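In our numbering, the protein residues as written are 114 to 414.
This is the structure in structure tokens:
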């Protein structure tokens, strides 16, 4: 389904300490199996990702859908979170990097994929979904509560969107997790506006994480993005994103500036080039920055 080749160069400068890095190779391979039995459909995604230190290569998604009719669907298994403007897969992004990642590291504790049961309802102009799942922030997963020895958790995710007409769409959602190690929550809202060849987006995230073993962590983040498709096969994107982190009274602030270009070489071959600049400040005492150049070739089949 997807093979990603990546050429990456980054230069970091933290309080005068400079470091550079280069990488090239197959960055990600993903294969999907789709099954269709009328009202029942299923999907299994297997993934390899280079540099996955968490050893999460393998089954990315595995779920079954049961269509109740009139846009109502019940989903069970391991599936993607409903939250967030940006896609979780490279083929759905307008650039190489995501808005809330710094030098390839995601600055959020929210999970992209969860296990549980989900109900969704879709119409031509509205969407609503609610999910009961094992976790939402990677805490004590795979348990859905209980008194068996060891930590456990459960979470609820709710999301909805409405097409207001004239190109405007509004989305709001949240995740709420009750874990033995602490309670956590995330509020996600974004709005998009599409007119002609232009797409504009604005997003805000408010994230609170509690822990009985470590300091509480608050993460606020947001983005502004503009994408212009100047032909049937090419587009350019400009994005600015910010991240504010507070942990045990210490503040970390980051701003990321991104410019990217997409060009479809064929129906299933896409070239993405990007330049991004990260500027960070640690509690007002010292700062650092990182400049990244990326060229990404996506082959989908």
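Beta carbons: idealized from backbone N, C-alpha and C, even for Gly. Keep in mind the model is a prediction, meaning the values are calculated, not measured.
Item                                                                                                                                                                                                : Value
Report the partner residues of residue 242 according to the DSSP bridge assignment.                                                                                                                 : 233 and 272
Pull up the distance between the alpha-carbon of residue 368 and that of residue 148, whole angstroms please.                                                                                       : 42 Å
Just to confirm the assignment: which complete beta strand (DSSP E) runs, minimum length 3, are found wholly within the region 263 to 341?                                                          : 266 to 278, 281 to 292, 295 to 308, 311 to 322 and 330 to 341
Select from 118, 198, 145 and 163 the residue whose C-alpha is nearest the C-alpha of residue 317.                                                                                                  : 198
When you compare only the Cα positions, how much space is there between residue 204 and residue 350?                                                                                                : 15 Å
Going by CA-CA distance only, name the one from 407, 412, 189 and 403 that's closest to residue 132.                                                                                                : 403
Could you say if the region 172 to 191 and the region 349 to 363 meet the contact criterion of at least three C-beta pairs nearer than 8 Å?                                                         : no
Starting from the C-beta of residue 312, find all residues in its chain whose C-beta is less than 6 Å away, skip the five residues before and the five after it, and write them out in chain order. : 340
When you compare only the Cα positions, how much space is there between residue 240 and residue 186?                                                                                                : 11 Å
Let me know the secondary structure DSSP gives residue 405 once reduced to three states.                                                                                                            : strand
Measuring straight from C-alpha to C-alpha, what distance separates residue 247 and residue 288?                                                                                                    : 12 Å
Grab the span of the beta strand (DSSP E) containing residue 176 for me, first residue to last.                                                                                                     : 171 to 182
The beta strand (DSSP E) that contains residue 357, what's its start and end?                                                                                                                       : 347 to 360
Under a Cβ-count criterion, where at least 16 other Cβ atoms within 10 Å of its own Cβ denotes burial, should residue 309 be classed as buried or exposed?                                          : exposed
On a CA-only basis, which of 177, 140, 298 and 401 is nearest residue 320? Give me that one, please.                                                                                                : 298
For the candidate residues 274, 282 and 324, whose alpha-carbon lies nearest to that of residue 294?                                                                                                : 324
By the DSSP assignment, the beta strand (DSSP E) with residue 368 in it spans what residues?                                                                                                        : 363 to 379
Measuring CB to CB, does residue 405 end up less than 7 Å from residue 123?                                                                                                                         : yes
Which term fits residue 260, buried or exposed, when burial requires 16 or more other beta carbons within 10 angstroms of its beta carbon?                                                          : A caution first: residue 260 carries a pLDDT of 46, below 50, which makes its placement in the model too unreliable to give a value.
Specify the secondary structure class of residue 204 as computed by DSSP and reduced to three states.                                                                                               : helix
Please report how far the alpha carbon of residue 163 lies from the alpha carbon of residue 217, in whole angstroms.                                                                                : 12 Å
Taking the C-alpha atoms as reference points, what is the distance between residue 160 and residue 201?                                                                                             : 13 Å
With a threshold of 6 Å on Cβ separation, who are the neighbours of residue 134 within its own chain once the five nearest residues in sequence on each side are excluded?                          : 123
Start and end of the beta strand (DSSP E) containing residue 225?                                                                                                                                   : Unbroken run through residue 225: none, as it is neither H nor E.
Here's the rule: buried if 16 or more other CB atoms are within 10 angstroms of the residue's CB, otherwise exposed. What is residue 119?                                                           : buried
Who are the Cβ neighbours of residue 329 in its own chain at under 6 Å, not counting the five residues just before and after it?                                                                    : 323
What do you reckon, are the CB atoms on residue 236 and residue 242 nearer than 7 Å?                                                                                                                : no
Could you spell out where the beta strand (DSSP E) holding residue 395 opens and where it closes?                                                                                                   : 382 to 395
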